[in-house]
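Take a look at the structure set out below.
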Amino acid sequence: MNSASLYVACVLIWGSTWLAITYQLGEVPPAVSVAYRFTLAAAILLVYCGVRALPLRYTIRDHVWMALQGLLLFGANYVLVYLSEAHISSGLTAVIFSSIAFWNILGMRYFYQTPLRPAVLLAAGLGVAGVAIVFAPELTVFSDGKAGILGLTYGLAGTLAASLGNITAVRNQRHGLPVVQQNAFGMLYGGLLVTLFALFTGQKFVFECTVPYSLSLLYLALFGSVLAFGGYLTLLGRIGADRAGYIAVAIPIVAVVLSTFLEGFRWHPETVVGIALCVLGNVLVLRKKTS
Numbered sequence: 187m188n189s190a191s192l193y194v195a196c197v198l199i200w201g202s203t204w205l206a207i208t209y210q211l212g213e214v215p216p217a218v219s220v221a222y223r224f225t226l227a228a229a230i231l232l233v234y235c236g237v238r239a240l241p242l243r244y245t246i247r248d249h250v251w252m253a254l255q256g257l258l259l260f261g262a263n264y265v266l267v268y269l270s271e272a273h274i275s276s277g278l279t280a281v282i283f284s285s286i287a288f289w290n291i292l293g294m295r296y297f298y299q300t301p302l303r304p305a306v307l308l309a310a311g312l313g314v315a316g317v318a319i320v321f322a323p324e325l326t327v328f329s330d331g332k333a334g335i336l337g338l339t340y341g342l343a344g345t346l347a348a349s350l351g352n353i354t355a356v357r358n359q360r361h362g363l364p365v366v367q368q369n370a371f372g373m374l375y376g377g378l379l380v381t382l383f384a385l386f387t388g389q390k391f392v393f394e395c396t397v398p399y400s401l402s403l404l405y406l407a408l409f410g411s412v413l414a415f416g417g418y419l420t421l422l423g424r425i426g427a428d429r430a431g432y433i434a435v436a437i438p439i440v441a442v443v444l445s446t447f448l449e450g451f452r453w454h455p456e457t458v459v460g461i462a463l464c465v466l467g468n469v470l471v472l473r474k475k476t477s
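What follows is the structure, encoded as structure tokens:
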């Protein structure tokens, strides 16, 4: 698949996972569901590697870097975002997480001396502003109390963890680690680390034996993790984390569109303006010449 196709596929899959995650919220603690998701995704990838006879033997140093990627991208990122949504609205969390577009730009500049591209910076600004406008009604009910500050802190920490995970993934690819294998081991380590976190915090490992929970878990593991992260990390290697990170801006917009058809979300003039800004940002960031 070319880069544009991978970009669209990641946006559509992750935009739909917002709906799938709602079926994960219930009897099973969120961190336990995250552990199930990435452990299952790692198992799928490892079986795939075995069937395709892909190499699975790497140095201890390689495993340390893949574990770091797993900790940041598949572990801390998701746990912190879940904790954020427990204290503030999902709309505000989406706005905070969309700022990863800026953090990736700064991270690529700091760690890899990637030039600051004016078009990418403008696209990031338009995108984050667009997401904020779309979710403006939710932002007006924010409480500045202890819970609100805690939610903001968790959201920002999760966003930074995800961005550092992106930078780590770029490093791993530049050192010759294939996307499939680094995802397989990264998700395995991430799943195990989230499992330890859940055990340490006293969360119960139960399983909701219902069709919605089981199917949504399978969808999140196979499509939301195996396929989407495979496409996303491939994009990181092709176009860089600064441009690929804009996917985080487009995801909430897809979620809003799906919510319109499936949950009766009502559009307002602000919705149209916000989505228009995000689309314009997408056009800028996907142009071949972004200097």
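Using our numbering, you'd call the opening residue of the sequence shown number 187 and step up by one each time. Idealized CB from N, CA, C, for every residue including glycine. Nothing here was measured: the structure is a model prediction, and the numbers come from that model.
8 Å CB neighbourhood of residue i in its chain, flanking five on each side removed
{"i": "Met294", "result": "Thr300, Ile353, Val356, Gly426, Ala427 and Asp428"}
{"i": "Gly212", "result": "Glu394 and Tyr399"}
{"i": "Leu419", "result": "Ala355, Gln359, Val365, Gln368 and Asn369"}
{"i": "Leu258", "result": "Ala347, Ala348, Leu350, Gly351 and Thr354"}
{"i": "Gln389", "result": "Pro215, Ala217 and Val218"}
{"i": "Gly201", "result": "Ala436, Ile437, Pro438, Ile439, Val440, Ala441, Val443 and Leu444"}
{"i": "Ala384", "result": "Pro215, Ala217, Val218, Ala221 and Phe391"}
Collapsed DSSP secondary structure at residue i in the structure displayed
{"i": "Gln367", "result": "helix"}
{"i": "Thr163", "result": "Outside the modelled stretch of the chain, which goes from 187 to 477, sits residue 163, for which no answer is possible."}
{"i": "Gly431", "result": "coil"}
{"i": "Val197", "result": "helix"}
{"i": "Asn188", "result": "coil"}
{"i": "Tyr451", "result": "The amino acid occupying residue 451 in the given sequence is Phe; Tyr does not appear at that position. If DSSP states are grouped into helix, strand and coil, Phe451 belongs with coil."}
{"i": "Gly467", "result": "helix"}
{"i": "Val214", "result": "coil"}
{"i": "Gly417", "result": "helix"}
{"i": "Leu406", "result": "helix"}
{"i": "Leu232", "result": "helix"}
{"i": "Pro301", "result": "coil"}
{"i": "Leu240", "result": "coil"}
{"i": "Ser477", "result": "In this predicted model, Ser477 has a pLDDT of only 40, less than 50, meaning its place in the structure is not dependable; the value taken from the coordinates is given anyway. Residue state, collapsed to three classes: coil."}
{"i": "Phe136", "result": "With the chain covering 187 to 477 only, the question about residue 136 has no answer from this structure."}
{"i": "Phe321", "result": "coil"}
{"i": "Gly426", "result": "coil"}
{"i": "Tyr209", "result": "coil"}
{"i": "Leu472", "result": "helix"}
Own chain residues within Cβ distance below 7 Å of residue i, not counting five before or after
{"i": "Ser285", "result": "Val314 and Thr345"}
{"i": "Phe415", "result": "Asn369"}
{"i": "Ile230", "result": "Ala407, Leu408 and Val412"}
{"i": "Leu269", "result": "Tyr340"}
{"i": "Leu242", "result": "Cys235 and Gln367"}
{"i": "Val471", "result": "Val306, Ala309, Arg429 and Tyr432"}
Proximal residues to residue i (C-beta, below 6 Å), its chain only, five neighbours per side dropped
{"i": "Gly376", "result": "Phe224, Gly256, Phe260 and Gly261"}
{"i": "Arg473", "result": "none"}
{"i": "Gly460", "result": "Gly316, Ile319 and Val320"}
{"i": "Thr339", "result": "none"}
{"i": "Ala310", "result": "Ala287 and Phe288"}
{"i": "Leu336", "result": "His273"}
{"i": "Ser191", "result": "none"}
{"i": "Ile439", "result": "Ile461 and Cys464"}
{"i": "Trp251", "result": "Asn358"}
{"i": "Leu374", "result": "Ala228"}
{"i": "Thr476", "result": "Since pLDDT at Thr476 reaches only 41, below the 50 mark, its modelled position is unreliable, and the value read off the structure follows with that caveat. Contacts found: Arg303, Ala305 and Val306."}
{"i": "Glu271", "result": "Thr279"}
Any alpha helix (DSSP H) of 4 or more consecutive residues that is wholly inside the segment 246-286:
Counting only runs of 4 or more, we get 246-255, 263-271 and 276-284.
For the structure I just gave you, are there three or more beta carbon pairs, one from the segment 397-417 and one from the segment 262-274, closer than 8 Å?
Per the Cβ contact rule, the segment 397-417 is not in contact with the segment 262-274 (fewer than 3 Cβ pairs under 8 Å).
The segment 227-244 contacting the segment 191-209, beta-carbon criterion three pairs below 8 Å:
Touching, no.
Please specify which runs of the beta strand (DSSP E), each continuous and at least 3 residues long, are wholly inside the segment 332-396, giving them in chain order.
Counting whole runs of 3 or more residues, the segment 332-396 contains no beta strand (DSSP E) stretch at all.
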